[in-house]
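Beneath this line is the structure, given in structure tokens, with notes to follow.
In my numbering, the protein residues as written are 60 to 329.
Here it is, written out as structure tokens:
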């Protein structure tokens with residue numbers, strides 16, 4: 060039966076070639092619906108118990124998607140007027156990040172001060188450039204000893220701090236929402252990078268990490284995949300030339316194998 064099929068393929072080769080190309084074209088038409096997802100839920104099935112428990116937790120309380128801007132002065136002094144002023148400005152600017160619902164930093168931390176029977180609540184740091192040194196020192200002592208801040212928004216040594224932006228993604232199209240947030244955050248931070256060469260900035264958080272998977276895959280498609288193609292075809296061409304000694308055979312054989320590879324990719328991905 061296999062021999063009869065092989066003979067039929069050879070006898071009606073034009074038909075089989077056209078039919079194969081048509082089949083590849085039909086399957087490959089699905090490529091326009093192929094997209095990258097930056098949602099970590101794509102790694103789990105809908106009935107995964109861990110995912111269900113996590114989503115129930117988020118529905119009960121709130122989502123934990125975030126962008127965190129880490130600020131690390133090279134002199135190791137977060138509590139200097141210039142650095143605190145920078146954090147104030149970054150905290151205000153971070154509200155403009157798409158889908159942001161809350162921004163937390165050491166400067167807008169709501170600190171409570173008791174004076175006899177009165178309680179006053181306000182930002183821990185306000186107008187840093189005008190604050191006296193003793194008030195800044197007092198604020199530093201509050202920050203590095205406050206359990207809700209230390210090792211969360213400020214290091215215990217007071218040399219690194221962060222602005223945390225809580226993000227509420229709509230969840231309509233994850234392939235666009237996370238990149239939108241990541242791109243805006245980078246563009247927002249760019250002027251500060253130029254203005255403060257003495258400070259190291261880092262972007263992290265759930266949204267940035269999710270987006271990194273997409274960016275890594277795209278970079279691979281642009282660099283690793285073409286390189287893999289080139290190495291494969293080079294090895295095939297070398298073997299063809301070694302086996303036949305003919306440049307014509309080498310070229311045609313390599314072209315045929317390249318066609319098979321491309322057709323397989325189009326068919327499978329499409």
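Built from N, CA and C at the ideal position, the CB exists for glycine as well. Please read all numbers here as calculations on a predicted model, not as lab measurements.
Which of helix, strand or coil DSSP assigns to residue i
i           : result
residue 304 : coil
residue 257 : coil
residue 177 : strand
residue 223 : strand
residue 228 : coil
residue 210 : coil
residue 166 : coil
For residue i, the first and last residue of its enclosing alpha helix (DSSP H)
i           : result
residue 245 : 233-254
residue 79  : 72-87
residue 188 : Neither: residue 188 is in no alpha helix (DSSP H) and is coded neither H nor E.
residue 271 : 265-281
Buried versus exposed, by CB contacts within 10 Å (16 or more), residue i
i           : result
residue 223 : buried
residue 206 : exposed
residue 124 : buried
residue 77  : exposed
residue 193 : exposed
residue 264 : buried
residue 128 : buried
residue 112 : exposed
residue 60  : exposed
residue 313 : buried
residue 73  : exposed
residue 410 : The requested residue 410 does not occur in the structure, where the chain is confined to residues 60 to 329.
residue 277 : exposed
residue 309 : buried
residue 307 : exposed
residue 168 : buried
residue 315 : exposed
residue 366 : Within the shown structure, residues of the chain are numbered from 60 to 329, placing residue 366 beyond reach of any answer.
residue 283 : exposed
Pick from the options that is closest to residue i, judged by C-alpha positions
i           : options               : result
residue 126 : 228, 183 and 202      : 228
residue 131 : 120, 122 and 145      : 145
residue 232 : 64, 96 and 62         : 96
residue 226 : 94, 190, 313 and 158  : 158
residue 262 : 253, 249 and 281      : 249
residue 259 : 136, 69 and 102       : 136
residue 326 : 91, 60 and 297        : 91
residue 254 : 283, 279 and 148      : 148
residue 184 : 301, 143, 174 and 162 : 143
residue 191 : 87, 139 and 310       : 139
residue 212 : 153, 164, 70 and 120  : 164
residue 154 : 243, 318 and 64       : 243
residue 166 : 282, 215, 208 and 321 : 208
residue 274 : 285, 238 and 289      : 238
residue 200 : 321, 186, 215 and 245 : 215
residue 219 : 296, 121, 173 and 133 : 133
residue 99  : 317, 268 and 321      : 268
residue 101 : 287, 230, 221 and 69  : 230
residue 256 : 292, 141, 182 and 94  : 141
residue 236 : 291, 217 and 266      : 266
Residue i CB to nearest heavy atom of the ligand FMN below 7 Å
i          : result
residue 81 : Looking for the ligand FMN in the displayed structure turns up nothing, as the structure carries no ligands at all.
Below-8 Å beta-carbon distance, residue i vs any chain B residue
i           : result
residue 278 : Judged by its chain identifiers, the structure shown contains no chain B, having just a single protein chain.
Extent of the continuous beta strand (DSSP E) run through residue i
i           : result
residue 195 : Per DSSP, residue 195 belongs to no beta strand (DSSP E); it is in the alpha helix (DSSP H), 192-204.
What alpha helix (DSSP H) runs, 4 residues minimum, are completely inside the segment 89-164? The segment 89-164 contains these whole alpha helix (DSSP H) runs: 108-119 and 140-153.
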